[in-house]
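**Q**
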Amino acid sequence: MKILLVYATYSNSTFTAVHIAEQEFRDAELEPQVILARDVQPSDIQAADLVILASPSWDYHGDQGQPHEDYLIFRKTMEGNTFPNKQFAVLGLGDSTYTYFCGAVKHLEELISQLQGTLFHDSLKIDQFYMYEPESTQKIKEWSREVAKKVRA
13 MKILLVYATY
23 SNSTFTAVHI
33 AEQEFRDAEL
43 EPQVILARDV
53 QPSDIQAADL
63 VILASPSWDY
73 HGDQGQPHED
83 YLIFRKTMEG
93 NTFPNKQFAV
103 LGLGDSTYTY
113 FCGAVKHLEE
123 LISQLQGTLF
133 HDSLKIDQFY
143 MYEPESTQKI
153 KEWSREVAKK
163 VRA
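Just so we're aligned, residue 13 is where the sequence shown starts under my numbering, counting upward by one.
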């Protein structure tokens, strides 16, 4: 099964998180592919069995909890396309000291709905990845194993 891991990052925490998940999927003998959100084409989404959208939450012009700005490019690239029943999952990184903890997750889940996709698994929200790296890594591994098990079922 092909899993497309779409991500955007500022401090490389989302990059690191996605590669942790990628390794878990490889260990489960799945076929993960990692690509930057700004580089994804509709054909990439179509070719995947499962698409995981990963983003930090950010503050744009005083609007907290937004996905990385590369998802604006992603959204524009996907305009006019739908992916009925395409399976998606969301991995979000954030900081619980902000008003909207992992607000990007909500935005990405709404985007999946707009694309007519289906949320395949509960979204994962990671708090302050680098502050709690061992715990965060473990959560990502466990979540990825759950996703892999569900994909293989």
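Glycine is no exception: its CB is placed at the ideal position from the N, C-alpha and C atoms.
(1) Using 7 angstroms as the limit for Cβ to Cβ distance, is T28 near chain C?
(2) Could you pull out every residue in the same chain whose Cβ sits closer than 8 angstroms to the Cβ of E158, ignoring the five residues on either side in sequence?
(3) Please classify Q53: is it buried, with 16 or more other beta-carbons within 10 angstroms of its beta-carbon, or exposed?
(4) Which residues in the same chain have their Cβ closer than 6 angstroms to the Cβ of V63, if we skip the five residues on either side of it in sequence?
(5) Considering only residues of the same chain and omitting the five flanking positions on each side of S69, which have a CB-CB separation below 8 angstroms?
(6) If you follow the beta strand (DSSP E) that A66 is in, where does it begin and where does it stop?
(7) State the CB to CB distance for the pair T130 and N97, rounded to an integer number of angstroms; the pair is presumed to be in contact (CB under 8 angstroms).
(8) DSSP beta-bridge partners for Q45?
(9) Tell whether a beta-carbon distance below 7 angstroms holds between A66 and V30.
(10) With respect to the alpha helix (DSSP H) encompassing L120, which residues constitute its N-terminal and C-terminal limits?
(11) For D39, I'd like the list of residues in its chain whose CB is within less than 6 angstroms of its CB, leaving aside the five on either flank, ordered along the chain.
(12) Between S23, V18, Y72, M13, which has its C-alpha nearest Q140's C-alpha?
**A** This is what the structure holds:
(1) Judged by its chain identifiers, the structure shown contains no chain C, having just a single protein chain.
(2) The sequence position of residue 158 within the sequence shown is 146, counting from 1. If we look at E158 and ignore the five residues flanking it on each side, its Cβ neighbours are H133.
(3) Sequence index remark: in the sequence shown, residue 53 carries index 41 (1-based). Exposed, by the Cβ-count rule.
(4) Position 51 of the sequence shown holds residue 63. Within the same chain, V63 has close Cβ partners L16, I57, F100.
(5) Numbered from its first residue, the sequence shown carries residue 69 at position 57. Q76, G77, Q78, P79, G104, L105, G106, D107, Y110, Y112, F113, C114, G115, A116, V117, listed in sequence order.
(6) Sequence index remark: in the sequence shown, residue 66 carries index 54 (1-based). It spans 62-72 - the beta strand (DSSP E) in which A66 sits, taken as one unbroken run.
(7) As a position in the sequence shown, residue 130 is number 118, starting the count at 1. As a position in the sequence shown, residue 97 is number 85, starting the count at 1. Contact flag correct, Cβ pair sits at about 6 angstroms.
(8) Here residue 45 refers to the residue found at position 33 of the sequence shown. Q45 is bridged to L16.
(9) Position 54 of the sequence shown holds residue 66. Position 18 of the sequence shown holds residue 30. Taking a C-beta distance under 7 angstroms as the contact criterion, A66 and V30 qualify as a contact pair.
(10) Along the sequence shown, one-based indexing puts residue 120 at 108. 115-126 is the extent of the alpha helix (DSSP H) around L120.
(11) Here residue 39 refers to the residue found at position 27 when the sequence shown is read from its first residue. Once the five neighbours on either side are set aside, D39 has no close Cβ partner at all.
(12) Stepping through the sequence shown from its first residue, residue 140 is reached at position 128. Answer by Cα proximity: S23.
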